[in-house]
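Chains as they are written, first to last, in our numbering: chain A, 1 to 113; chain B, 1001 to 1117.
Worksheet for the structure shown next.
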Amino acid sequence: DVKVTQSSRYLVKRTGEKVFLECVQDMDHENMFWYRQDPGLGLRLIYFSYDVKMKEKGDIPEGYSVSREKKERFSLILESASTNQTSMYLCASRLTGGAGGYTFGSGTRLTVV
Amino acid sequence: AQKITQTQPGMFVQEKEAVTLDCTYDTSDPSYGLFWYKQPSSGEMIFLIYQGSYDQQNATEGRYSLNFQKARKSANLVISASQLGDSAMYFCAMRDSPGYTGNQFYFGTGTSLTVIP
């Protein structure tokens, strides 16, 4: 069964902390994505990566960075967490081209206090 | 400009009835794909159905069908014979543009569907 695994389901961090959200996929997908989901705003793209060590900014990259050292792993980094980064974070992956959709992880609900 | 618009924040439907969830999209690319996802309260995103821009027929997957009206740029999801387990958030999404950037999906704001017994 193909999978996208996010390391934490729930996370509580303090303001100013450096936070790492990890995502691992076992489908050999080239493309990986980080979204945040907020009520009434839908899913907004933070960053994506189409290859190892390659990254592209999405619509809301401010306050975030990413790392993709290996094909299967895509990490989202909050350099200095703030309360407005409290949200649900969804990781997804996809093959390049074709009609295939995203495969999503189960999400990480991050609370910054 | 919004690429995907879902105008119904919340919908109610009686069990066993059909329901239509609206989605309009905006793209100038002739090649694009449209997707619907379901998100139950547990949070995982479940792929439901896909429609390609060149597909001649409306997509169907079991109780789900996609009413694709290309000229109107609409891709409404129809759920027939609603079940209590259909209560969830539903997101419409689009992929456009070839090349590596074309792997990005654009999502609507979602519709919360509640099925009433």
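We treat Cβ as the ideally placed atom computed from N, Cα and C, and that holds for glycine.
As the structure is a prediction and not an experimental result, all values here were calculated from the model.
Check: Nearest-angstrom beta carbon gap, residue 31(A) and residue 94(A) [assumed within contact, 8 Å]; Outcome: 5 Å
Check: Under 7 Å by beta carbon: chain A residues contacting residue 1109(B); Outcome: 40, 41, 42
Check: Inter-residue Cα distance where the pair is residue 1014(B) and residue 48(A); Outcome: 40 Å
Check: Which of helix, strand or coil DSSP assigns to residue 95(A); Outcome: coil
Check: Backbone secondary structure at residue 31(A) - three-state DSSP; Outcome: strand
Check: Three-state secondary structure assigned by DSSP to residue 51(A); Outcome: strand
Check: Proximity test, residue 1110(B) beta-carbon vs the ligand MN heavy atom, cut-off 6 Å; Outcome: Annotation note on the ligand MN: not contained in the displayed structure, which lists no ligands.
Check: Residues that residue 17(A) bridges to, as DSSP identifies them; Outcome: DSSP lists no partner for residue 17(A).
Check: Burial state of residue 1091(B) (16 or more Cβ within 10 Å); Outcome: buried
Check: Stretch pair the stretch 1082–1089 of chain B + the stretch 1011–1030 of chain B: three plus CB contacts closer than 8 Å; Outcome: yes
Check: Chain-ordered neighbours of residue 1010(B) on chain A, where CB pairs are closer than 9 Å; Outcome: Near residue 1010(B) there are no residues of chain A at all, since even the closest Cβ is about 11 Å away, more than 9 Å.
Check: N- and C-terminal bounds of the beta strand (DSSP E) containing residue 69(A); Outcome: 64–70
Check: Straight-line Cα distance separating residue 40(A) from residue 1112(B); Outcome: 10 Å
Check: Which residues DSSP lists as bridging residue 75(A), in chain order; Outcome: 22(A), 67(A)
Check: Residue 111(A), DSSP secondary structure in three states; Outcome: strand
Check: Host beta strand (DSSP E) of residue 1070(B) (start-end); Outcome: First-last for residue 1070(B): undefined, no H or E at that position.
Check: Minimum Cβ-Cβ distance from residue 1044(B) to chain A less than 7 Å; Outcome: yes
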